[in-house]
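Enquirer: In our numbering, the protein residues as written are 14 to 181. Glycine included, C-beta positions come from ideal geometry on N, C-alpha and C. Just so we're clear, the structure is a prediction, and the values are computed from it rather than from any experiment. Below are the structure tokens for one structure; questions will follow.
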Amino acid sequence: EVTNAATGNGPILGASGETNVDLNITPKGTGRVILGAGAIQNLTEKATVSATAATGTINYDVRTQAVLYYTSNASGNFTVNIRGDGSTTLNNIMDTGESLTVAFLVTQGGTAYYNNAFQIDGSSVTPEWQGGSAPTAGNTNSIDVYTYTIFKTGDAAFTALAAQTQFA
Numbered sequence: 014e015v016t017n018a019a020t021g022n023g024p025i026l027g028a029s030g031e032t033n034v035d036l037n038i039t040p041k042g043t044g045r046v047i048l049g050a051g052a053i054q055n056l057t058e059k060a061t062v063s064a065t066a067a068t069g070t071i072n073y074d075v076r077t078q079a080v081l082y083y084t085s086n087a088s089g090n091f092t093v094n095i096r097g098d099g100s101t102t103l104n105n106i107m108d109t110g111e112s113l114t115v116a117f118l119v120t121q122g123g124t125a126y127y128n129n130a131f132q133i134d135g136s137s138v139t140p141e142w143q144g145g146s147a148p149t150a151g152n153t154n155s156i157d158v159y160t161y162t163i164f165k166t167g168d169a170a171f172t173a174l175a176a177q178t179q180f181a
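Here it is, written out as structure tokens:
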């Protein structure tokens, strides 16, 4: 419902009815919800927790989550492929001049593995790694968190910044 406000205040867009009702704003297709200048408070991000072992090519769908957590021990080195989802490219959902940041949490056992290749929409991209060089190993008996900040610099052109952090 929309509630009028007193002079000098904006109207209120809110949910009504039962207690604890979400307010969903859904654009059509690849359209977006755009908020004007202002503050966003108490923001949460969608996370996926999966009893999966990192190995091979991992398709990271940004339309599904901002954080992806694999809870089973990694079983091989892996490639991370960032995309919109199985039917939408990242190129189609981002505009030039936009960025996004995602995190991939990889559980490691007694033998550790690492992210040895990176892709966007199935094409290889060489990230700029924190500290100046790509990791050459994972960290045993820990959770390795890979964060990727991706900047769209043109049509199907991206710059990626990456980091690997150990949590034990």
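Beta-carbon separation of I106 and G99 under 8 Å?
Expert: no
Enquirer: For the candidate residues N128, T166 and A18, whose alpha-carbon lies nearest to that of G69?
Expert: N128
Enquirer: According to DSSP, is N236 helix, strand or coil?
Expert: Look at the range of the chain in this structure, 14 to 181, and you will see that residue 236 is not part of it.
Enquirer: Given 8 Å as the limit, is there contact between the stretch 138 to 154 and the stretch 107 to 117, that is, 3 or more CB pairs closer than that?
Expert: Flag = no, the stretch 138 to 154 and the stretch 107 to 117 do not touch.
Enquirer: Please tell me whether T162 and A125 are closer than 8 Å, where the distance is taken between their beta carbons.
Expert: no
Enquirer: If you measure between the beta carbons of T92 and Q78, is that distance less than 8 Å?
Expert: no
Enquirer: Once you ignore the five residues that flank P140 on each side, which residues in its own chain have a CB closer than 6 Å to its CB?
Expert: F131, A173 and A175
Enquirer: Using a Cβ-Cβ cutoff of less than 8 Å, which residues in the same chain neighbour L36 once the five nearest sequence positions on both sides are dropped?
Expert: L26, G27 and A28
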